[in-house]
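Written below as structure tokens is the structure these notes are about.
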Amino acid sequence: MKKHIKEVFKLEKREIILLKAVVRLLAQQERSSYVIDMLSALVVYDGAECDGSCLLDDIRLFLEEVEITSKGLNINQG
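Each position in the sequence shown, counted from 1, maps to that position plus 611 in the working numbering.
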């Protein structure tokens, strides 16, 4: 039981890390007077610099880990 609780908190922590990275990425666009290519814009999380494409992949992997598929959410269809 304790292991399960730790896993839940670990997942919540990962959610926060990824959400903060998304906010930082979107804030770059908000501060810019130009349109930024969000998939190539850089953001730092997990102690490394990643682009938006990497962040998108990490979010998809996270969702798969918590058994939410992109097909079920229709996130590939806008």
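Note that beta-carbon positions come from the ideal geometry of N, C-alpha and C, so glycine has one too.
Residue of the options minimising C-alpha distance to residue i
| i | options | result |
| --- | --- | --- |
| G663 | I627, V677, D648 and D657 | D648 |
| R635 | L674, F673, V654 and L650 | V654 |
For residue i, three-class secondary structure by DSSP
| i | result |
| --- | --- |
| S681 | Note on S681: pLDDT 47, under 50, position unreliable in the model; the coordinate value appears next. Helix, per DSSP. |
| D657 | coil |
| I670 | helix |
| V633 | helix |
| I627 | helix |
Bridge partners - residue i, DSSP secondary structure assignment
| i | result |
| --- | --- |
| D662 | L653 |
Residues near residue i in its chain [Cβ-Cβ closer than 6 Å; skip 5 each side]
| i | result |
| --- | --- |
| Y656 | I628 and A632 |
Cβ shell of residue i (< 7 Å), same chain only, five flanking positions each side left out
| i | result |
| --- | --- |
| Q639 | I647 and A652 |
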